[in-house]
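One point on numbering: in our numbering, the residue at position 134 of the sequence shown is 974, and numbering is uninterrupted.
Just so you know, even glycine gets a beta-carbon here, dropped at the ideal spot from N, CA and C.
A quick note: this is a predicted structure, and the numbers were derived from the prediction, not measured.
Here is the structure we will look at.
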Amino acid sequence: MTRRWFRFALAPLLWGCSQDPTIPKVEEEPITLSLAFSSATFRQGKADTIGVTAQSVLDYDATLQFATDCQILVTIRSASGSAVVPPNGQASCLPITSKLVIPAGGSVTQRFVWTGTDNFTPPGSSAVLPPGTYYVSAAIKALNYSTVAPAVKVELVAP
841 MTRRWFRFAL APLLWGCSQD PTIPKVEEEP ITLSLAFSSA TFRQGKADTI
891 GVTAQSVLDY DATLQFATDC QILVTIRSAS GSAVVPPNGQ ASCLPITSKL
941 VIPAGGSVTQ RFVWTGTDNF TPPGSSAVLP PGTYYVSAAI KALNYSTVAP
991 AVKVELVAP
């Protein structure tokens with residue numbers, strides 16, 4: 841008898857809790873990344889620039905905080921999906937805090953020079969990658985925000 845009375849007493853409370861929570865919806869990402877190249881064909885040994893633009897749709901400056909000096913990370917993967925740039929997918933970042941400020945409604949572009957090697961370091965200090973299909977992507981991994989640019993297919997050809 842006590843259980844039955846307890847169930848009836850709790851029933852109105854449970855019905856009141858059955859509402860769906862209000863979840864705010866975001867129409868678009870506040871900061872997006874895009875990639876730009878002069879050509880989707882890269883030549884081994886020839887310096888070419890990969891431009892990565894972080895675009896903000898916010899009506900105030902966006903300040904991104906980082907635990908390292910690496911702010912926008914570019915990764916190049918082989919056709920099999922293995923990260924080849926930077927080697928093993930691990931960027932050489934210094935453990936010093938940094939920040940990136942993107943102006944209200946504006947953008948910031950960082951450029952990376954690639955010569956068809958396994959790193960963005962000066963030519964001659966990295967291993968040359970074999971010709972073939974590669975996929976370039978970029979990411980922001982800040983302490984207070986993260987986003988990625990979808991991978992773009994590129995070809996690396998022999999000189």
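If contacts are defined as beta-carbon pairs under 8 angstroms, then residue i and residue j qualify, I think. What distance do you get, rounded to the angstrom?
| i | j | result |
| --- | --- | --- |
| GLN950 | ILE916 | Incorrect: roughly 15 angstroms between the Cβ atoms, too far for contact. |
| PHE882 | VAL953 | Rounded, the Cβ-Cβ distance is 11 angstroms, inconsistent with contact. |
Can you tell me the Cα-Cα spacing of residue i and residue j, whole angstroms?
| i | j | result |
| --- | --- | --- |
| THR903 | SER947 | 12 angstroms |
| THR957 | ALA923 | 12 angstroms |
| GLY945 | GLU867 | 16 angstroms |
| ALA998 | PRO927 | 20 angstroms |
| VAL968 | LEU996 | 11 angstroms |
| SER966 | GLY929 | 14 angstroms |
| SER874 | LYS886 | 23 angstroms |
| CYS910 | CYS933 | 6 angstroms |
| ASN959 | ALA931 | 9 angstroms |
| GLU869 | VAL897 | 8 angstroms |
| VAL992 | THR937 | 30 angstroms |
| PRO970 | THR987 | 30 angstroms |
Assuming residue i is part of the beta strand (DSSP E), what are its boundary residues?
| i | result |
| --- | --- |
| VAL997 | 986 to 997 |
| ASP888 | 888 to 896 |
| ALA902 | 902 to 906 |
| GLN950 | 947 to 954 |
| VAL968 | Element bounds for VAL968: n/a, residue is neither H nor E. |
| THR872 | 871 to 877 |
Should residue i be labelled buried (16 or more other beta-carbon atoms within 10 Å of its own) or exposed?
| i | result |
| --- | --- |
| THR955 | buried |
| SER920 | exposed |
| TYR974 | buried |
| ALA989 | buried |
Please state whether the Cβ-Cβ distance between residue i and residue j is less than 7 angstroms.
| i | j | result |
| --- | --- | --- |
| LYS939 | GLN895 | no |
| ALA978 | VAL892 | yes |
| VAL941 | ASP899 | no |
| THR908 | PRO935 | yes |
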